[in-house]
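Undergrad:
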Amino acid sequence: MNKLKILIVEDELVIAEDLKSTIISLGYEVVYVTADGRNAISQMKTLQVDLALLDIRIEGDLTGIEVSEILKNEYDIPVIFLTAHTEEANIEKAKLTEPFGYLIKPFQRDELRTTIQIAIYKHMMGKKLRENEERFRNVVENSHDGIFIINKNLNIIYANNEACTVFKISNNDVINKNLSEYIPESYLDVFKDNITSGKSTNIIYKWWITSLTGTRKLLEIKSSIMNNRNNIYEIMLQFLDITDQYYASKRIKMLASALHSINESVSVTTSDNKIIYINKTFLEIYGYSEDELIGQDIDMVRSLDSTIGLTEIIQEKTLVGGWQGEIINRKKNGEEFPVFLSTSTIVDKEDNKKYMVGVARDITNQKLLERQVNQSQRLESIGKLAGGVAHDFNNLLSVITGYTDLVMSSMDKEMVSWKYLDEIQKAADRSTELIRQLLIFSRNESVKPSIVDLNKIIRNISKMLRRIIGEDINLKINYDPDLYRIKADIGQIEQILMNLVINSKDAICENSGKKREKKITISTSNIYLEEDFTNLHIGCKPGNHVVLVVADTGIGMTDQICTDIFDPFFTTKEEGKGTGLGLSTVYGIVKQNQGDIFVYSEPNGGTIFKIYWPMSPDNKIRKEASQLENYIEMGQETILIVEDDQKVLQLTEQIISSFGYNVHSALDCNEALKIAEKNKESIDILLIDVVMPVMNGLELSKEIEKIIPNIIVIFTSGYTDDYLENYGINRDKVLYIEKPFKKNILSKLIRKCLDK
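Take any residue in the sequence shown, count from 1 to its spot, add 108: that is its number in my numbering.
(1) Using a 10 Å radius around the Cβ and a threshold of 16 neighbouring Cβ atoms, would you call A271 buried or exposed?
(2) In whole angstroms, what separates the C-alpha of S734 from that of L562?
(3) Could you pull out every residue in the same chain whose Cβ sits closer than 6 Å to the Cβ of N503, ignoring the five residues on either side in sequence?
(4) Where does Q700 land, buried or exposed, given buried means 16+ other C-beta within 10 angstroms?
(5) Would you kindly check if the distance between the Cβ of L190 and the Cβ of D163 is under 9 Å?
(6) Considering only C-alpha positions, which residue in the set H772, T632, S765 and L759 is nearest to F717?
(7) When you compare the CB positions of I616 and I663, do they come within less than 9 Å of one another, or not?
(8) Rounded to the nearest angstrom, what separates D792 and S558 at their Cα positions?
(9) Which residue wins for smallest C-alpha separation from T223, given the options L211, M233 and H231?
(10) When we look at the beta-carbon of T426 and count the other beta-carbons within 10 Å, is it buried (16 or more) or exposed?
(11) Please state if the CB of I257 and the CB of L327 are separated by a distance shorter than 9 Å.
(12) Rounded to whole angstroms, how far is the Cβ of T746 from the Cβ of S790, which I believe are closer than 8 Å?
(13) Would you list the one or two residues that DSSP bridges to I333?
(14) Cutting at 7 Å between CB atoms, please list the residues of its own chain near G209, excluding the five before and the five after it.
(15) Quick one: using the 10 Å Cβ neighbour count with 16 as the cut-off for buried, is L121 buried or exposed?
(16) Would you mind working out which of N787, M233, I783 and V374 sits nearest P186, comparing C-alpha positions?
(17) Count the other C-beta atoms from every protein chain shown that fall within 10 angstroms of the C-beta of K626, then say buried if there are 16 or more, exposed otherwise.
(18) Is DSSP giving F448 helix, strand or coil here?
(19) What residue range does the alpha helix (DSSP H) around G887 cover?
(20) Under 9 Å, do L806 and G768 count as touching if we go by C-beta distance?
(21) Taking buried to mean at least 16 other C-beta atoms within 10 Å of its own C-beta, is L412 buried or exposed?
(22) Three-state secondary structure (DSSP) at K850?
(23) Apart from the five residues just before and just after K788, which ones in its own chain have a Cβ nearer than 8 Å to its Cβ?
(24) CB I594 to CB P722, shorter than 9 Å?
(25) The alpha helix (DSSP H) that contains G168, what's its start and end?
(26) For Y636, which three-state DSSP category applies?
(27) What number of angstroms, rounded off, separates the C-alpha of D405 from the C-alpha of I383?
(28) Residues in its own chain within less than 6 Å of T629 by CB, not counting five upstream and five downstream?
(29) Answer yes or no: do F445 and I436 have a C-beta to C-beta separation smaller than 9 Å?
(30) Whose CA, out of G135, E118 and I114, lies closest to the CA of R146?
(31) Do K111 and G135 have their beta-carbon atoms positioned less than 9 Å apart in this structure?
(32) Might you give, ordered along the chain, the residues of its own chain that have their beta carbon closer than 7 Å to the beta carbon of S773, omitting 5 neighbours on each side?
(33) With the cut-off set at 9 Å, would you say I569 and L605 are in Cβ contact?
(34) Can you give me the start and stop residues for the alpha helix (DSSP H) that A148 sits inside?
(35) Tell me, please, which residues DSSP counts as bridged to T671.
(36) In whole angstroms, what separates the C-alpha of G433 from that of L449?
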C-alpha cells in the first residue's frame with residue numbers, strides 16, 4: 109500500500125523537524141518541508157502530494173491562508189492548518205477556505221494522526237460527492253426529458269437544456285421566473301392544490317403549453333418532491349414533449365374504426381419496435397388484453413426460435429420500402445402458429461419514417477391444406493407407380509400360379525415334386541396377397557362393395573381383435589345404435605380394423621415404460637360434415653357420414669411421421685417386424701370406398717385415426733351372393749382369347765383347353781379380327797382383356813360383335829372399377845372376371861354363360 113505523501117509548510121525550524129519526525133513515525137511519508145509558501149507552491153509541479161500541513165503564519169509574501177486557497181483550488185490538495193492559541197482572528201479567516209482540520213500548537217502525536225485520517229477521509233468523500241454531482245448533472249443536462257426544479261412559490265430555480273428547448277427560452281431567462289409565465293393558470297390550480305395537500309409526488313399531468321414562438325405542445329409532466337426540510341419545498345417537474353405521439357395516435361385512432369373489423373391482425377409500432385396500437389382481431393387471436401401489449405416490444409408475439417436477427421431484418425426492410433414473408437408467431441398461451449406478415453411505414457408530417465404497420469394473416473389452415481394437397485399428390489403419384497408395378501407383376505404371378513396349378517393337377521400328391529410345387533404355389537399366393545395390398549393402396553384392387561352395417565362387422569371381428577391385442581390391453585368399443593349404413597367391402601373393412609388395431613397394440617407396447625392405461629378404443633357414430641370442416645380437409649365432401657375412430661394410448665408420432673405414415677413400405681418398426689404396407693393398405697381401402705382418413709397424434713400422446721364414410725343412399729342391407737362351389741365345369745364349345753401379354757395369353761389358353769374347349773388366341777386387335785372373321789361360325793365366347801394398346805377391350809369387342817353378333821363377351825382385368833370406367837366398362841353391366849383368376853371360377857363362369 110502506498111504511503112500517504114505529506115507537505116509541511118512551517119517557518120519554525122524546530123517545530124518543522126519535530127513534526128516531520130512524528131509524521132514518519134506514524135507511517136506516512138514527508139515529501140517536502142519549507143518555510144515559504146510560494147516555494148511550496150512552486151514544488152507542486154514536480155511533487156506528488158496527498159495532504160499539506162500548513163502554518164497560518166509563514167515566511168514570504170504569501171500567507172498560509174492564501175497558500176491554502178491555491179493548493180485547494182488549483183491542485184485539489186486538502187490542508188490542515190497549524191496555529192497557536194492566541195491566533196483566534198486568523199482562525200476565523202482560515203475557516204473561509206474550508207480547511208480539512210486544525211491543530212493547535214502544541215499538539216499530541218495521536219491528535220495529529222486522528223486529524224490527518226479525518227482530513228483524508230473528508231477529502232475522499234468530498235471528491236466522490238463532486239464526481240457524483242457532476243455525473244448526475246451531466247445526466248440531467250443531457251436528458252431527453254425537460255426538467256424544472258421549482259420552490260414552493262413555483263419559482264424556477266433550475267432548468268436543463270431540454271426544458272429550455274421545449275419552451276424556446278434560454279437558461280438565463282428562465283431562472284427565478286414563476287412557472288405561471290409558461291404554464292396556463294387553469295393547469296396550475298390543480299397543481300397548487302396537490303402541493304398544498306402534499307400529493308405532488310409521482311403525479312402525472314398532461315398540459316398543453318404555448319411556447320414563446322407560438323408553437324403549441326402537449327407535455328406529459330411528472331412531479332416529485334425533492335426537499336421538504338423545515339417546510340421548504342423543492343419540486344422537480346420532469347416533462348416529455350409528446351406532441352408528435354399525440355397527433356400520431358390521433359391519426360391512428362381515425363384509422364382504428366376501419367381496422368377494427370378487419371379479419372387480419374394489425375399492429376403499429378414505433379421505430380424501436382414498441383407497440384402503440386393493435387386491432388381487435390390481434391387481441392382475439394393472440395389472447396392478450398390491450399393493456400398487456402401497448403408499450404411492449406413486438407418480439408413478445410414472435411416465436412422464441414425465430415426472433416434472433418429476425419426483428420432487425422424486418423425493421424431494416426420495412427424502413428426502406430416494406431417487407432413480406434412467412435414467420436412463426438406465438439400466442440399468450442405459448443401456442444405457435446404461422447402467419448403471413450406484410451409491413452409498411454407511416455410517415456409523419458416532417459417526412460420522418462417513425463411508425464411501422466404490420467398486417468399478419470393466420471395461415472394455419474392454408475398450411476394444413478397445402479400439407480394435405482402435397483400428401484395427397486404424393487400418395488397419388490406413388491399409387492400410380494405401385495398400381496403399374498403391381499399390375500405387371502400380377503401378370504407374371506398369373507403365369508406362375510397357372511402353370512404350377514396345371515402341373516400339380518397332373519401329378520400324384522405323394523410325389524416329392526408335388527410338394528415342392530405346393531411350396532411354390534404357397535409363395536406365389538403370398539406374393540399375390542402382397543400385390544393385392546399394393547393394388548388396394550393404388551385403388552386398383554377389384555372389390556365387391558355392398559350395403560353393410562359397420563357395427564355388425566365390428567361385433568363379428570371383436571373377439572379376434574381381443575385375442576390379437578392380448579389380455580393386458582383394454583379394448584373398449586362404443587357403438588352408435590342408430591348408425592347409418594355404408595357401401596363397402598366387408599373383407600376390406602375387417603382388414604382396416606385388423607391393421608389399425610395391430611398398429612395400436614405395437615404402439616402401446618413401445619410405450620410400456622409410461623405409467624398410463626393400456627387402452628384401445630373403437631367407436632362409431634353418425635356425423636354431418638359441414639363445409640367449414642370439408643374446406644380444411646382435402647377430399648371430404650359435405651353431407652352425412654359414418655365416422656370410425658380407432659384411438660390408442662401408445663407412444664404417439666411426430667408430425668413428420670404422420671405425414672409419411674401412409675406411404676408404401678414406410679415403417680418405424682425394426683427390420684423384419686413390418687412390411688410398411690399396413691397403413692398404406694388402409695389408406696387405399698378408404699379412398700377406394702370413397703372415404704377419407706385422418707390421423708391425429710403427438711409424441712407420448714397416443715394416436716387417433718378417424719375414417720369418414722359417406723352414408724349409403726340405399727340405407728338398407730343386402731344379402732351377399734354365395735360363392736360358387738369349388739369344382740371344374742367342362743365343355744366343348746369354342747372360345748377366342750385376346751390378351752396383349754403373351755405369357756398370360758399362353759397360360760389362359762392352356763387352362764381353358766384343359767376344360768375341354770376349343771381355343772383361338774390373339775395378342776392384338778388385328779389378329780383377333782382376322783381370327784373372328786375366319787371362324788365366325790364356330791366362336792361362342794370372347795374372353796378379352798380390357799386394357800390393351802391400339803384398341804381397348806370394349807372397342808375391340810364391338811368390332812367383333814359386328815362380325816359375330818351373338819357372341820358372348822367376358823371381360824378380364826386386374827384394375828379397379830374406377831379405372832375400368834375410364835375404358836367404358838361397368839362391372840355391374842357386363843360379364844367380368846378379375847385377374848388372377850382361379851380355374852374353378854373361370855370354368856363355372858364360362859359354363860354359366862354358355863348354358864344361359
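Think of the CB as a built atom: it goes at the ideal place given N, C-alpha and C, for glycine as much as any other residue.
TA: According to the data block:
(1) For the purposes of this step, residue 271 is taken as the residue at position 163 of the sequence shown. That one is buried.
(2) Residue numbering aside, residue 734 sits at position 626 when the sequence shown is read from its first letter. Residue numbering aside, residue 562 sits at position 454 when the sequence shown is read from its first letter. Because the pLDDT of S734 is 37, which lies under 50, any placement of that residue in the model is unreliable, and the question is left without a value.
(3) Residue mapping note: residue 503 aligns to position 395 of the sequence shown, counting from 1. If we look at N503 and ignore the five residues flanking it on each side, its Cβ neighbours are D753 and V756.
(4) Sequence index remark: in the sequence shown, residue 700 carries index 592 (1-based). With 16 or more other Cβ atoms within 10 Å, it is buried.
(5) For the purposes of this step, residue 163 is identified with residue 55 of the sequence shown, where counting begins at 1. For the purposes of this step, residue 190 is identified with residue 82 of the sequence shown, where counting begins at 1. Cβ distance < 9 Å, so D163 and L190 count as in contact.
(6) One-based indexing of the sequence shown puts residue 717 at position 609. Nearest of H772, T632, S765 and L759 to F717, Cα basis: T632.
(7) Stepping through the sequence shown from its first residue, residue 616 is reached at position 508. Stepping through the sequence shown from its first residue, residue 663 is reached at position 555. Yes. Within cutoff.
(8) Position 684 of the sequence shown, counted from the start, is the residue given in the question as residue 792. Position 450 of the sequence shown, counted from the start, is the residue given in the question as residue 558. So the alpha carbons of these two residues sit roughly 32 Å apart.
(9) Start at 1 with the first residue of the sequence shown, and residue 223 comes out as number 115. With distances taken between Cα atoms, T223 lies closest to L211.
(10) Here residue 426 corresponds to residue number 318 of the sequence shown, with the count starting at 1. It is buried - the Cβ of T426 has at least 16 other Cβ atoms within 10 Å.
(11) On the sequence shown, position 219 is the one that residue 327 refers to. On the sequence shown, position 149 is the one that residue 257 refers to. No.
(12) For the purposes of this step, residue 746 is identified with residue 638 of the sequence shown, where counting begins at 1. For the purposes of this step, residue 790 is identified with residue 682 of the sequence shown, where counting begins at 1. T746 to S790, Cβ: 5 Å. Contact.
(13) In the sequence shown, residue 333 corresponds to position 225, counting from 1. Paired residue(s): I343.
(14) If you number the sequence shown from 1, residue 209 lands on position 101. Within the same chain, I188, T223, I226 and A227 come within 7 Å of G209 by CB-CB distance, once the 5 residues on both sides are set aside.
(15) Reading the sequence shown from its first residue, position 13 is the one you call residue 121. Its Cβ having fewer than 16 others within 10 Å, L121 is exposed.
(16) Along the sequence shown, one-based indexing puts residue 186 at 78. Here the closest residue by C-alpha is M233.
(17) The count along the sequence shown starts at 1 and reaches residue 626 at position 518. Counting C-beta atoms within 10 angstroms of its own C-beta, K626 has 16 or more neighbours from the protein chains shown and is therefore classed as buried.
(18) Your numbering for residue 448 matches position 340 in the sequence shown. Note: F448 maps to strand in three-state DSSP.
(19) It is not possible to answer for residue 887, since the shown part of the chain is limited to 109 through 864.
(20) Counting from one through the sequence shown, the residue named residue 806 turns up at place 698. Counting from one through the sequence shown, the residue named residue 768 turns up at place 660. No, they are not a contact pair.
(21) What you label residue 412 is simply residue 304 of the sequence shown in a count that begins at 1. With fewer than 16 Cβ atoms within 10 Å of its Cβ, L412 is classed as exposed.
(22) Start at 1 with the first residue of the sequence shown, and residue 850 comes out as number 742. In the structure shown, K850 sits in coil (DSSP, three-state: anything other than H, G, I, E or B).
(23) For the purposes of this step, residue 788 is identified with residue 680 of the sequence shown, where counting begins at 1. The answer, listed in chain order, is I815 and I816.
(24) The count along the sequence shown starts at 1 and reaches residue 594 at position 486. The count along the sequence shown starts at 1 and reaches residue 722 at position 614. At the C-beta level, I594 and P722 come within 9 Å of one another.
(25) In the sequence shown, counting from the first residue as 1, residue 168 sits at position 60. It is not in any alpha helix (DSSP H) - G168 carries neither H nor E in the DSSP assignment.
(26) Within the sequence shown, residue 636 is the residue found at index 528, counting from 1. Of the three classes helix, strand and coil, the one that applies to Y636 here is strand, per DSSP.
(27) Start at 1 with the first residue of the sequence shown, and residue 405 comes out as number 297. Start at 1 with the first residue of the sequence shown, and residue 383 comes out as number 275. Approximately 6 Å, taken between the alpha carbons.
(28) As a first step, residue 629 must be located in the sequence shown, where it is residue number 521. Counting only Cβ-Cβ distances below 6 Å, and skipping sequence neighbours, we find K584 and A659.
(29) Numbered from its first residue, the sequence shown carries residue 445 at position 337. Numbered from its first residue, the sequence shown carries residue 436 at position 328. Yes, the Cβ-Cβ distance between F445 and I436 is below 9 Å.
(30) In the sequence shown, counting from the first residue as 1, residue 146 sits at position 38. It is E118.
(31) Stepping through the sequence shown from its first residue, residue 135 is reached at position 27. Stepping through the sequence shown from its first residue, residue 111 is reached at position 3. Taking 9 Å as the Cβ cut-off, G135 and K111 qualify as a contacting pair.
(32) Against the sequence shown, residue 773 aligns to sequence position 665. I749, L757 and E761.
(33) The residue you call residue 569 lines up with position 461 of the sequence shown. The residue you call residue 605 lines up with position 497 of the sequence shown. Yes, the pair counts as a contact, with Cβ atoms nearer than the cut-off.
(34) Taking the sequence shown and counting its residues from 1, one reaches residue 148 at position 40. Per DSSP, A148 belongs to the alpha helix (DSSP H) from G145 to S150.
(35) As a working note, residue 671 is residue 563 in the sequence shown. Looking at the DSSP output, T671 shares a beta bridge with no other residue.
(36) Here the question's residue 433 lines up with position 325 in the sequence shown. Here the question's residue 449 lines up with position 341 in the sequence shown. Distance between the alpha carbons of G433 and L449: 6 Å.
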